[in-house]
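So the sequence lines, in the order shown, correspond to chains A and B.
Taking the UniProt record's numbering, the leading residue of the first sequence gets 1, the next gets one more, and so forth.
Taking the UniProt record's numbering, the leading residue of the second sequence gets 1, the next gets one more, and so forth.
Glycine residues also receive a C-beta, built at the ideal position from the N, C-alpha and C atoms.
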Amino acid sequence: MSGHDSKYFSTTKKGEIPELKEELNSQYKDKRKDAVKKVIAAMTVGKDVSSLFTDVVNCMQTENLELKKLVYLYLINYAKSQPDLAILAVNTFVKDSQDPNPLIRALAVRTMGCIRVDKITEYLCDPLQRCLKDDDPYVRKTAAICVAKLYDINAELVEDRGFLDSLKDLISDNNPMVVANAVAALAEIQENSSGPIFEITTPTLTKLLTALNECTEWGQVFILDALSRYKASDAREAENIVERVTPRLQHANCAVVLSAVKMILQQMELITSTDVVRNLCKKMAPPLVTLLSAEPEIQYVALRNINLIVQRRPTILAHEIKVFFCKYNDPIYVKMEKLEIMIKLASDRNIDQVLLEFKEYATEVDVDFVRKAVRAIGRCAIKLERAAERCISVLLELIKIKVNYVVQEAIIVIKDIFRRYPNTYESIIATLCESLDTLDEPEAKASMIWIIGEYAERIDNADELLESFLESFPEEPPQVQLQLLTATVKLFLKKPTEGPQQMIQVVLNNATVETDNPDLRDRAYIYWRLLSTDPEAAKDVVLAEKPVISDDSNQLDSTLLDELLANIATLSSVYHKPPDAFVTRAKTATQKTEDDDYPDGNETRYSETLSNAANGGASPPSSSSVPHAAARQPAPAPAAPAPAAVPDLLSDLIGLDNNQIVPADQPATSSGPPLPILLPAGSGQGLQISAQLVRQDGQIFYSLLFENNTQITLDGFMIQFNKNSFGLAAAGPLQVPPLAPGASARTLLPMVLFQNTSTGPPNTLLQVAVKNSQQPVWYFNDKILLHVFFTEDGRMERTSFLEVRSLFCITLVFYWCKRMILAMEME
Amino acid sequence: MAGAASALFLLDIKGRVLVWRDYRGDVSAAQAERFFTKLIEKEGDPQSQDPVVYDNGVTYMFIQHSNVYLMTATRQNCNAASLLFFLHRVVDVFKHYFEELEEESLRDNFVVVYELLDEIMDFGYPQYTEAKILSEFIKTDAYRMEVTQRPPMAVTNAVSWRSEGINYKKNEVFLDVVESVNILVNSNGQIIRSDVVGALKMRTYLSGMPECKLGLNDRVLLEAQGRATKGKAIDLEDIKFHQCVRLARFENDRTISFIPPDGSFDLMTYRLSTQVKPLIWVEAQVENHSRSRVEIMVKARSQFKERSTATNVEIMVPVPADASSPNVRTSMGSAAYAPENDALLWKIRSFPGGKEYMLRAEFTLPSITDEEATQERKAPIRVKFEIPYFTVSGIQVRYLKIIEKSGYQALPWVRYITMAGEYELRLI
């Protein structure tokens, strides 16, 4: 069935447009049709044929379906550039939407929705209204999607004309395809709207689960994705839902399988019976494994998702590690992901086999893959204490092959192993030193230098080794310079003899006077001052015992993981980033012109994001550091006291200046301005919570606003705070009256400090849980604004001042040290 | 959660847009083309590039088929699995229409391509991808009729894969049970992974709307029915069904019941991860004599029952890339040097069970080697074969019942075959 349409591309003579114009107005049907094809061909190769608008639209009134479709296609492309002329098409559209042939009715309403011209949209409403109630399901399913199109162009119009209700009615439609499209449309509208539009109630749930059995594979995906937002009220309901969804695991379409897995995992959180959970895990394993025989692109998505799933439920695939062994012909992106999962599934039981595999991979040709394999061995050593020795012996075998990048990578991971198991494996240092002069990559060099500095007392010729690097100090990359600086200081403190003393002079001179790198200079000055004022203190700081590092293969934090698991199968789960990190709500603004120019920075941005995504990109965008968080607080208190206080504390710490705290000159926020929304109605099934820490009359309060957008009265509100750095906790019970539908209530909850202090690194995260008698527990995060610890006139109370100040100091010391250690030891 | 594609692009091998369909008006063709050509240029080999790439607010997902790339662009958090799978389905649809999907066929049929793009996706949501039914109302020029087309009932029916009113003079069903053996043996001769992926491939030529019921020797079912299993029942580990099979019913009572699509399709696939003895075992010994000569000895042994015979056996033994002047002797079949694959290809047309064959090959190597030479990729030995009338799993079709209201008799033909899938043995 091959066509010969290519001939339409071949009219590239001069005067093409007038010629086409003439043909379009020909009295012969066939000639007109050929002319329209030529126009579309020209459009396809990117020529501007918008000047033929009127002539093409004139061909619209035709019985010939093919010609009609072509004209419609033309309209979709050029209506925007000719909005005034587009109105010419409206009559035909309206007429077509009443055509006896359902194909034409659907075509008309589908195309009208694609024409993003305001004037047209107004005329779309009546046909759309009719089509939503059409007798033919083909038309109704098209109309359902069209509501979402209209909402995208003009949300108000959709709400005013009651299309949302018509759309909701379609959920009860007797045709499964119509139901599925209505669900897709509603889910999209809900996503872009602040109010609760698409609530999944129990009757809706039942209807959708029934439709699930009958609609097309794509429709099943829409329904499963929408339903995964549903929170079952109790374990029983969750079990029932899961029971209805599990048959989907047998579907041949991988998207259906993954969406079913997502839904089951969501409901599993509520199921208490361990038997049921174990059984479900058993049921999910085989379909997940089978995804790995799909096309490589799908395998990639599946692997990124399995990576998340095994972090939450390691038992599911605990016995399936073999299926993640790389095949010879796997594309490299599949191999990389498999490796990542192998590390996660590695255990004392299977480590021997896994190590054999890694060793095999380390002799492959793809350099990135080899490096990752070597690194994987190191990560297993860090993760599995009992296997560490075996891992190291494999690494040493690899070093002996003397392939340059393998050696370098091995040294990098061995440094981490030393940090994980101090004073255990240092006997291999001698072997490492043999490859010293082959190192040419900054990270490997820096790692080796770190090892020399750290174990200077056990390496006889440590000073010679370091000295060999010093000659090229100015040319080294910053990473290596920093390590050299630190290592020399360590060497000097451990062996304060003449040689090292000379070396340190050279290094400090190089790193202060001769450099433009502020990081290096700052660190050098700190060392210098430390060494010159109090060498003993310097010893305490520099040679202090380092915190033992741990395995980072489960690197995602639990809240992020929750969010990602709720997004299984979507891009979010592929990037390992929450959706708002990459979804831009820049809707119509982005459609500039066809030849818009992009800044040249494009390429670097691209590679950055790429590497982020590839790294598993767990890096949360907002740092948890104190000054940052304070600077990010909402508008009412722009010059927050915290940043003002920081520099002085810092200088105080370094001992340069007096220890006066600069009082902040801004009063704290009162309860007047609107509170930030922390739980949007969309995620709270209609309950919206806004909250902020405030200070009133010398006391800290949590100011909360509850808005009930659900259909039922909510009561029995309770609140709880997770452990946090400031030990903030509720001083009394939450007092919220029962909320009728549509009602809202504002309350001030008195707070106390230092009640449930967390032990982790200080940060300003405040995790809050709120529940009521009607809904499940809602969790949301808030930022602790530091100004609440100051009195209204900007001064801190004496009592809390002391405590908070010490906390400040701890925080700062912590960050200072952490930054230093991180910089020294590298991440 | 919700999310849909902004546009679908069909690009040529250099990343230039051949045909595209804009669904949402928020990603332009120029933008996508600029991104993708840059990507291809930079990577050289787009095969190694992640199939999901983020650039400047837009996520691109792509697959390649012959000299065409199919790519979606989106600004939302859409379902990646669904869209990538959809792209593969689009390939199937185009292949059904144009026999082969390639640049030329797209150009030659751009009108139909546009029509299809309009029907298979709406506002970025996948809608309908049953090629057979689509071709009932979207036709290429040669078959286009002047009668007005209507959407076939099937498009919105619960049975969306089959049209009504199909008629055959002779009603027949062909059922092929095909099992592929995947195996990975490491250089110590240990089997590190082995599984069997089976598929029930059907070709149906049936009139009307036939109700089919398939009975297998499925242990779970037989035990539930309280029948004596006599050791013949098998455990199917992970079964995947074509969308025509009623999944809820299968979950309830393990009955495989369905109304099949017309023509050929995969009714179900399954997987068994029980360890199988490698059907054909290959051992290779590589000896480097001095620096200029390498000798390879290969032993191949069939480890299945004597009454079965493997056919079209191909054993691919990797040899160094710079080897030359081959000298090969075999005890059975023929062997040829395939320099384009850096391998020796040993073909044995018929390989009965319980036999062992040998191959001995000698190559000369250049006596001068580059000291800095990068390592060669260590390819495994790969084996291909087919064994007819035999399944590893022992799966059996007990019955295939076909009931249609007109009451015709249909003939089911069942055939079994086992083949090598990814059958790799790593060299020492």
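Residue interval of the alpha helix (DSSP H) (run including residue i)
| i | result |
| --- | --- |
| ALA338 of chain B | Not the alpha helix (DSSP H): ALA338 of chain B falls in the beta strand (DSSP E), residues 334 to 338. |
| LEU739 of chain A | Counting along the chain, LEU739 of chain A falls outside any alpha helix (DSSP H), and DSSP gives it neither H nor E. |
| ILE524 of chain A | Before going on, a small fix: residue 524 of chain A reads as Ala here, not Ile. Note, ALA524 of chain A: alpha helix (DSSP H), 518 to 533. |
| VAL221 of chain A | 217 to 227 |
| TYR28 of chain A | No alpha helix (DSSP H) holds TYR28 of chain A; DSSP gives it neither H nor E. |
| VAL406 of chain A | 404 to 420 |
| ILE298 of chain A | 296 to 312 |
| LEU205 of chain A | 202 to 212 |
| PHE582 of chain A | Taken as a continuous stretch (DSSP letters only), PHE582 of chain A belongs to no alpha helix (DSSP H), as it is neither H nor E. |
Contacting residues, own chain, Cβ-Cβ under 7 Å from residue i (five flanking each side not counted)
| i | result |
| --- | --- |
| ASP697 of chain A | none |
| ILE244 of chain B | Reading off the sequence, residue 244 of chain B comes out as Cys, not Ile. Cβ neighbours of CYS244 of chain B beyond the five flanking positions: TRP161, PHE258, ILE259, PRO260 and PRO261. |
| LEU493 of chain A | ALA538, LYS539, VAL542 and LEU543 |
| ASP55 of chain A | LYS21, LEU24 and ASN25 |
| LYS415 of chain A | SER447, TRP450 and ILE451 |
| ARG521 of chain A | ALA511, THR512 and THR515 |
6 Å CB neighbourhood of residue i in its chain, flanking five on each side removed
| i | result |
| --- | --- |
| GLU357 of chain A | PHE325 |
| PHE780 of chain A | LEU678, LEU679 and VAL768 |
| GLN285 of chain B | MET297 |
| ILE104 of chain A | ASP96 |
| CYS125 of chain A | ARG161 |
| ALA79 of chain A | ALA86, ILE115 and VAL117 |
| LYS347 of chain B | GLU314, GLY333 and SER334 |
| GLY684 of chain A | TRP778 |
Exposure of residue i, with buried meaning 16 or more beta-carbon neighbours within 10 Å
| i | result |
| --- | --- |
| THR533 of chain A | exposed |
| THR111 of chain A | buried |
| LYS405 of chain B | exposed |
| VAL777 of chain A | exposed |
| TYR389 of chain B | exposed |
| PRO535 of chain A | exposed |
| GLN409 of chain B | exposed |
| ARG32 of chain A | buried |
| ARG24 of chain B | buried |
Run of the beta strand (DSSP E) containing residue i, from where it starts to where it stops
| i | result |
| --- | --- |
| GLU172 of chain B | 172 to 185 |
| SER744 of chain A | 744 to 752 |
| residue 439 of chain B | Residue 439 of chain B falls outside the range modelled here, since chain B spans only 1 to 428, and no answer is possible. |
| ASN781 of chain A | 778 to 783 |
| LYS771 of chain A | 765 to 771 |
| TRP413 of chain B | 411 to 425 |
| ASP55 of chain A | Here ASP55 of chain A belongs to no beta strand (DSSP E); instead the alpha helix (DSSP H) covers 53 to 58. |
| CYS212 of chain B | 211 to 216 |
Contacts around residue i, its chain only, beta-carbon distance under 8 Å, and the 5 residues preceding and following it disregarded
| i | result |
| --- | --- |
| ASP238 of chain B | TYR270 and ARG271 |
| ALA446 of chain A | GLN479, VAL480, LEU482, GLN483 and MET826 |
Beta carbon proximity, residue i to chain E, threshold 8 Å
| i | result |
| --- | --- |
| PHE123 of chain B | Annotation note: the requested chain E is absent from the structure, which comprises protein chains A and B. |
request  = Please list the segments of the beta strand (DSSP E) lying wholly inside the segment 239 to 315 of chain B, counting only runs of 3 or more residues, in order along the chain.
outcome  = 256 to 258, 263 to 272, 280 to 289 and 293 to 302
For the segment 380 to 396 of chain B against the segment 157 to 166 of chain B, are there 3 or more C-beta pairs whose distance is under 8 Å?
Three or more beta-carbon pairs separated by less than 8 Å are not found between the segment 380 to 396 of chain B and the segment 157 to 166 of chain B, which leaves the two stretches without contact.
Report yes or no: do three or more beta-carbon pairs, one from the segment 253 to 261 of chain B and one from the segment 204 to 216 of chain B, lie closer than 8 Å? yes
Are three or more beta carbon pairs between the segment 561 to 568 of chain A and the segment 422 to 441 of chain A nearer than 8 Å? no
Item to complete: Within the segment 463 to 504 of chain A, note down every full alpha helix (DSSP H) run reaching 4 residues or more, in order along the chain.
Response: 478 to 494
Note to self: Three Cβ pairs or more, each shorter than 8 Å: is that satisfied between the segment 180 to 188 of chain B and the segment 164 to 175 of chain A?
What the structure shows: no
#### Entry: Inter-stretch contact (C-beta, 8 Å, three-pair minimum) for the segment 402 to 412 of chain A and the segment 360 to 376 of chain A
The answer is yes - the segment 360 to 376 of chain A touches the segment 402 to 412 of chain A, with three or more Cβ pairs under 8 Å.
Cβ contact check for the segment 97 to 104 of chain B and the segment 305 to 321 of chain A: 3 or more pairs under 8 Å
No, they do not touch.
Suppose only complete runs of 3+ residues qualify. What are the beta strand (DSSP E) ranges in the segment 338 to 369 of chain B, listed by chain order? 343 to 352 and 356 to 364
Spell out a yes or no on whether the segment 717 to 727 of chain A and the segment 214 to 224 of chain A are touching, meaning 3 or more CB-CB pairs, one atom from each, closer than 8 Å. Contact annotation: the segment 717 to 727 of chain A does not touch the segment 214 to 224 of chain A, with fewer than three C-beta pairs closer than 8 Å.
Is the number of C-beta pairs between the segment 161 to 173 of chain B and the segment 240 to 256 of chain A that are closer than 8 Å three or more? no
Taking 8 Å as the threshold, find out whether the segment 731 to 741 of chain A comes into contact with the segment 688 to 696 of chain A through three or more Cβ pairs.
With a cut-off of 8 Å, the segment 688 to 696 of chain A and the segment 731 to 741 of chain A do not count as touching, because too few Cβ pairs lie within range.
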